[in-house]
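Scroll down for the structure; my scribbles are underneath it.
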Amino acid sequence: MARRSHVQTTLNGETVEFLCEPRQSLLEVLRDELHLTGAKEGCNNGNCGACSVILDGRLVNSCLVLGVETEGKSVETIEGVADPDKLHPIQDAFLENAALQCGICTPGFIMSAKALLDENPNPTEHEVRYWLAGNLCRCTGYDKIVRAVLDAAAAK
Amino acid sequence: MRDFSYIAAKTIPEAVALLDEKGESARILAGGTDLIVQVREARRDVDWMIDIKSIPEVNVLNYDATTGLTLGAAVECYKIYADDAICDAYPSLIDATKIIGGTAIQGRAGVGGNLCNASPAADGIPPLIVLNASCVIVGPNGEREVPVEDFCTAPGQTVIKKGEMLVSVKIPAPANNSSSYYLRFIPRNEMDIAVVGAGASVTLDAEKKTIVAARIALAAVAPTPLFAEEASALLAGREVSDEAIDAAAEAAQAIARPISDMRGTAEQRTHLVGVLTRRALNGAIQRVREAT
Numbered sequence: 006m007a008r009r010s011h012v013q014t015t016l017n018g019e020t021v022e023f024l025c026e027p028r029q030s031l032l033e034v035l036r037d038e039l040h041l042t043g044a045k046e047g048c049n050n051g052n053c054g055a056c057s058v059i060l061d062g063r064l065v066n067s068c069l070v071l072g073v074e075t076e077g078k079s080v081e082t083i084e085g086v087a088d089p090d091k092l093h094p095i096q097d098a099f100l101e102n103a104a105l106q107c108g109i110c111t112p113g114f115i116m117s118a119k120a121l122l123d124e125n126p127n128p129t130e131h132e133v134r135y136w137l138a139g140n141l142c143r144c145t146g147y148d149k150i151v152r153a154v155l156d157a158a159a160a161k
Numbered sequence: 003m004r005d006f007s008y009i010a011a012k013t014i015p016e017a018v019a020l021l022d023e024k025g026e027s028a029r030i031l032a033g034g035t036d037l038i039v040q041v042r043e044a045r046r047d048v049d050w051m052i053d054i055k056s057i058p059e060v061n062v063l064n065y066d067a068t069t070g071l072t073l074g075a076a077v078e079c080y081k082i083y084a085d086d087a088i089c090d091a092y093p094s095l096i097d098a099t100k101i102i103g104g105t106a107i108q109g110r111a112g113v114g115g116n117l118c119n120a121s122p123a124a125d126g127i128p129p130l131i132v133l134n135a136s137c138v139i140v141g142p143n144g145e146r147e148v149p150v151e152d153f154c155t156a157p158g159q160t161v162i163k164k165g166e167m168l169v170s171v172k173i174p175a176p177a178n179n180s181s182s183y184y185l186r187f188i189p190r191n192e193m194d195i196a197v198v199g200a201g202a203s204v205t206l207d208a209e210k211k212t213i214v215a216a217r218i219a220l221a222a223v224a225p226t227p228l229f230a231e232e233a234s235a236l237l238a239g240r241e242v243s244d245e246a247i248d249a250a251a252e253a254a255q256a257i258a259r260p261i262s263d264m265r266g267t268a269e270q271r272t273h274l275v276g277v278l279t280r281r282a283l284n285g286a287i288q289r290v291r292e293a294t
């Protein structure tokens with residue numbers, strides 16, 4: 006078995022160190038080693054977006070990144086989105102718009118929406134829909150999700 | 003997932019030496035959006051993943067209006083379409099990089115990996131063919147260049163030999179009065195694999211009425227992406243007309259040898275080659291004419 010590697014990365018603004026096998030994805034490291042279970046495993050092959058996180062400022066599927074690849078990088082997960090005393094405007098907008106049903110896809114959608122609004126604070130509906138195309142919701146509540154993202158953009 | 007070792011190579015000689023030593027058991031990791039899935043699903047046996055993203059040469063994205071574009075093998079899609087000069091010069095490449103997967107895939111996946119994965123349905127390859135691109139390959143015996151249309155040899159297979167790696171893709175500077183276009187047919191709006199893809203580049207004369215040169219390439223209708231050489235040659239010297247474009251589309255259909263699978267029948271794919279070739283050519287011509 007390949008030796009476990011020591012990795013140091015910045016996670017939600019704080020330096021963390023962990024040991025992982027090369028074959029462990031970033032998603033597995035987050036959930037199984039660091040016990041941050043916000044990012045979800047849906048398809049585990051890059052189709053569903055439930056594991057979306059932000060790596061060095063770019064939205065990625067954490068199931069398609071190896072944990073060892075994050076050495077020296079910065080990772081943002083859903084756990085780092087809210088302030089200790091208040092939710093992020095995107096989270097508020099998801100609640101206000103009832104933009105979730107079962108909730109499995111929600112952390113991925115919020116990370117994806119955050120990456121969008123960080124880059125493009127005033128997206129059109131068309132831009133929101135294309136940007137979120139890699140996030141699947143099988144309760145099929147897309148309209149409410151899109152409205153929530155547009156509301157969050159307007160509230161900023 | 004299968005157990006493997008990971009090495010982040012810092013230089014091309016280091017990566018080449020590792021690839022030469024490990025042979026078939028090693029695979030280059032760039033964006034990983036194909037490779038990690040293939041290893042996880044036991045479709046590829048890999049004992050060594052060699053991460054090349056720390057190597058400066060594979061991260062080069064350098065456009066010069068006279069010498070053209072050097073596109074490093076690990077440059078992610080989002081960096082390509084974020085560059086306004088590249089968007090103006092090579093619109094077909096932009097058409098493709100914006101539809102390879104969704105946002106999260108485009109944050110990791112690049113055109114170099116699209117080439118090396120050698121899918122017959124790769125969206126990134128037809129634009130490179132029509133843009134006259136070549137692949138810069140480095141191995142134990144030095145560097146060589148291969149035209150993109152000769153790079154893929156079968157599904158998942160390329161001309162890359164033991165110890166070799168794709169370092170970059172070179173695209174010549176666009177000619178005056180030229181443009182390009184890529185599109186695919188999919189049953190959804192996004193996040194899907196091409197049933198058929200077609201790319202075209204055209205160079206028009208100064209009046210923008212006569213085709214000086216054209217190149218057409220197809221995806222998902224053969225074991226590799228295809229350069230429709232005869233169809234392309236038919237257009238040189240012809241005035242822009244429906245007849246000329248129809249003739250090229252028919253010639254493109256003649257070289258398609260698609261299979262029937264879950265995405266479409268061979269008959270539908272052959273029909274689509276005609277439709278998409280016409281649209282790609284008309285799209286490229288329109289872009290030349292709209293440019294100021």
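First to last, the protein sequences are chains A and B.
Sequential numbering from 6 applies to the first sequence in the numbering used here.
Sequential numbering from 3 applies to the second sequence in the numbering used here.
Glycine is no exception: its CB is placed at the ideal position from the N, C-alpha and C atoms.
Residue range of the alpha helix (DSSP H) that includes residue i
| i | result |
| --- | --- |
| Asp53 (chain B) | No alpha helix (DSSP H) holds Asp53 (chain B); the beta strand (DSSP E) holding it covers 50 to 53. |
| His1 (chain B) | Shown here, chain B extends from 3 to 294; a query on residue 1 (chain B) therefore has no answer. |
| Pro149 (chain B) | Looking at the DSSP string, Pro149 (chain B) is not in any alpha helix (DSSP H); the run it does join, the beta strand (DSSP E), is 144 to 149. |
| Thr14 (chain A) | Per DSSP, Thr14 (chain A) belongs to no alpha helix (DSSP H); it is in the beta strand (DSSP E), 10 to 16. |
| Ala138 (chain A) | Element bounds for Ala138 (chain A): n/a, residue is neither H nor E. |
| Ser117 (chain A) | 111 to 124 |
| Glu101 (chain A) | 94 to 101 |
| Val41 (chain B) | 37 to 42 |
| Thr105 (chain B) | 105 to 108 |
| Val242 (chain B) | No alpha helix (DSSP H) contains Val242 (chain B), which DSSP labels as neither H nor E. |
| Cys68 (chain A) | No alpha helix (DSSP H) holds Cys68 (chain A); DSSP gives it neither H nor E. |
| Arg152 (chain A) | 147 to 160 |
| Val132 (chain B) | 127 to 132 |
| Ile82 (chain B) | 79 to 83 |
Proximity below 7 Å, CB of residue i to CB of residue j
| i | j | result |
| --- | --- | --- |
| Gly201 (chain B) | Ala282 (chain B) | yes |
| Tyr184 (chain B) | Ser94 (chain B) | yes |
| Pro94 (chain A) | Ala160 (chain A) | yes |
| Pro157 (chain B) | Pro225 (chain B) | yes |
| Leu31 (chain B) | Gly165 (chain B) | no |
| Val275 (chain B) | Ala249 (chain B) | no |
| Ser170 (chain B) | Pro149 (chain B) | no |
| Thr68 (chain B) | Ala175 (chain B) | yes |
| Val58 (chain A) | Thr82 (chain A) | yes |
| Ala253 (chain B) | Ala233 (chain B) | yes |
| Ala76 (chain B) | Ile52 (chain B) | no |
| Val132 (chain B) | Ala235 (chain B) | no |
| Ala106 (chain B) | Ser56 (chain B) | no |
| Val161 (chain B) | Phe153 (chain B) | yes |
| Leu168 (chain B) | Gly114 (chain B) | yes |
| Val86 (chain A) | Leu60 (chain A) | no |
Coarse secondary structure for residue i, derived from DSSP in three states
| i | result |
| --- | --- |
| Tyr92 (chain B) | coil |
| Lys172 (chain B) | strand |
| Thr13 (chain B) | coil |
| Asn61 (chain B) | helix |
| Ser234 (chain B) | helix |
| Asp61 (chain A) | coil |
| Ile247 (chain B) | helix |
| Ala215 (chain B) | strand |
| Asp152 (chain B) | helix |
| Thr99 (chain B) | helix |
| Thr42 (chain A) | coil |
| Ala55 (chain A) | coil |
Residue i CB to nearest heavy atom of the ligand MG below 6 Å
| i | result |
| --- | --- |
| Ser136 (chain B) | Looking at this structure, you won't find the ligand MG or any other ligand, since it has none at all. |
Residue range of the beta strand (DSSP E) that includes residue i
| i | result |
| --- | --- |
| Ser121 (chain B) | It is not in any beta strand (DSSP E) - Ser121 (chain B) carries neither H nor E in the DSSP assignment. |
| Trp199 (chain B) | At residue 199 (chain B) the sequence reads Gly, which differs from the Trp that was named. Taken as a continuous stretch (DSSP letters only), the beta strand (DSSP E) holding Gly199 (chain B) covers 198 to 206. |
| Thr72 (chain B) | 70 to 74 |
| Ala28 (chain B) | 28 to 31 |
| Val140 (chain B) | 136 to 141 |
| Leu24 (chain A) | 19 to 25 |
| Val80 (chain A) | 79 to 81 |
Residue closest to residue i, alpha-carbon to alpha-carbon, out of the options
| i | options | result |
| --- | --- | --- |
| Pro260 (chain B) | B:Arg280, B:Ala221, B:Glu252 | B:Ala221 |
| Phe6 (chain B) | A:Leu32, A:Val73, A:Val80 | A:Val73 |
| Lys81 (chain B) | B:Asp47, B:Arg42, B:Gly33, B:Glu26 | B:Gly33 |
| Leu121 (chain A) | A:Gly108, A:Arg36, A:Ala153, A:Lys45 | A:Ala153 |
| Ala138 (chain A) | A:Gln106, A:Glu84, A:Gly51 | A:Gly51 |
| Asn116 (chain B) | B:Ile127, B:Ala87, B:Ala177, B:Gly285 | B:Ile127 |
| Arg9 (chain A) | A:Thr20, A:Leu60, A:Gln29, A:Ala158 | A:Gln29 |
| Val204 (chain B) | B:Met167, B:Gly25, B:Ile213 | B:Ile213 |
| Lys78 (chain A) | A:Leu155, A:Cys144, A:Ala157, A:Glu19 | A:Glu19 |
| Gly144 (chain B) | B:Ile195, B:Met193, B:Val18 | B:Val18 |
Proximity test, Cβ basis, 7 Å: residue i and chain D
| i | result |
| --- | --- |
| Gly62 (chain A) | No chain D appears in this structure, whose protein chains are A and B. |
Would the region 52 to 71 of chain A and the region 23 to 42 of chain B be scored as touching if the rule is three or more Cβ pairs under 8 Å?
yes
Check whether the region 98 to 111 of chain A touches the region 141 to 152 of chain A, counting contact only when three or more Cβ pairs, one atom from each stretch, lie closer than 8 Å.
yes
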